[in-house]
Amino acid sequence: MAYLEIENACVHFPVRTTWGATGQVIRAVDGVSLSVQKGEILGLVGESGCGKSTLSRAIMQLQPLSSGRIVLDGRDLSALPASEVRRQRLEFQMVFQDPYASLNPRFSIFSTLLEALSRRGPIPRRERVDAVAALMEKVGLAPEHMYKYPHEFSGGQRQRIAIARAIAPRPALLLADEPVSALDVSIQGQILNLLMDLRRDLGLTMIFISHDLSVVHYMADSIAVMRRGQLVEYGPADRVFHHPQADYTRTLLAAIPRL
65 MAYLEIENAC VHFPVRTTWG ATGQVIRAVD GVSLSVQKGE ILGLVGESGC
115 GKSTLSRAIM QLQPLSSGRI VLDGRDLSAL PASEVRRQRL EFQMVFQDPY
165 ASLNPRFSIF STLLEALSRR GPIPRRERVD AVAALMEKVG LAPEHMYKYP
215 HEFSGGQRQR IAIARAIAPR PALLLADEPV SALDVSIQGQ ILNLLMDLRR
265 DLGLTMIFIS HDLSVVHYMA DSIAVMRRGQ LVEYGPADRV FHHPQADYTR
315 TLLAAIPRL
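Using the numbering used here, read the sequence shown as starting at 65 and increasing by one per residue.
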């Protein structure tokens, strides 16, 4: 059995006007089925508005499913009570596109990372600085900057902080939603390589979401292509990238800039 099973997942939003519901729905995610093996990176790709971020929020239990199931390590997340979902969420964490928006500007990096580290249990006071320093070093940040605030870091450094916060509770599954699209090209490769290193060192299973098929091919073991809420192609990364079956996948490949 796969570590993560997404079975016929649907997320539909009713269309409303000033006078109420019209009876129509927006099918943001419409019958998507995927599986992710332990330690695998699944690349989820598609244009803006295709439903990939909505699907990731459903996996995180931030967006309820209209129908279908999401099963993590044998447990149906969509059937769990809210209190159990909060406990289960230690096993899966998310890195968002905009690191500045996802960090509390009033918290120092020390406070942000200590709070994340403490989710598994309290850390003795004498060990807190060392624990935060070790976490910062793991993502390539200098520990002497732990008492600075988010606005004092560059975009790439803030994304490293966001990644550190995500891995602090020792999750098994990491969802990365467009984690490099807001960064300079020169920094993107550093963050991608960091994620690959963490996958290897921590044994992470990962869902990497992007609109850039070339980036997804670099990162992923398998690729799922979404369009208008539906899955149009799914398979091993090399096969999807070099021998696409769907016309839409060929269109995405043709849009990749080439020297």
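Glycine residues also receive a C-beta, built at the ideal position from the N, C-alpha and C atoms.
### Query
Which residues bound the alpha helix (DSSP H) around proline 163?
Its alpha helix (DSSP H) spans residues 163-166.
### Query
Whole beta strand (DSSP E) runs in the stretch 101-133 with 3 or more residues, listed along the chain?
105-109
#### Entry: Buried or exposed (CB count within 10 angstroms, at least 16 for buried), isoleucine 105
By the 10 Å Cβ count, isoleucine 105 comes out buried.
#### Entry: Residues that glutamate 69 bridges to, as DSSP identifies them
Ser99 and Val135
### Message
Between the stretch 236-243 and the stretch 263-274, can you find at least three pairs of beta-carbon atoms closer than 8 Å?
### Response
yes
### Query
In the DSSP assignment, what are the bridge partners of valine 203?
None; valine 203 has no bridge partner.
### Message
Tell me the residue span of the alpha helix (DSSP H) that contains leucine 256.
### Response
249-266
#### Entry: Boundaries of the beta strand (DSSP E) in which glutamate 148 is found, first to last residue
Run containing glutamate 148: none in the beta strand (DSSP E); it sits in the alpha helix (DSSP H), 146-152.
### Task
Can you tell me which of Ile255, Arg264, Trp83 and Leu126 puts its alpha carbon nearest to the alpha carbon of serine 142?
Leu126
#### Entry: Nearest neighbour of isoleucine 251, chosen from Ala232, Gln223 and Arg153 [CA to CA]
Gln223
### Nearest residue (CA-CA) to cysteine 74, options Ala288, Ser166 and Leu119
The candidate whose alpha carbon is nearest that of cysteine 74 is Leu119.
### Task
On a CA-only basis, which of Ala92, Val159, Thr315 and Glu69 is nearest alanine 228? Give me that one, please.
Val159
### Query
Between glycine 204 and leucine 259, is the Cβ-Cβ spacing less than 8 Å?
no
### Task
In angstroms with no decimal places, state the Cα-to-Cα distance between threonine 315 and glutamate 111.
11 Å
### Task
Can you tell me which of the three DSSP states glycine 220 falls into?
Correct three-state label for glycine 220: helix.
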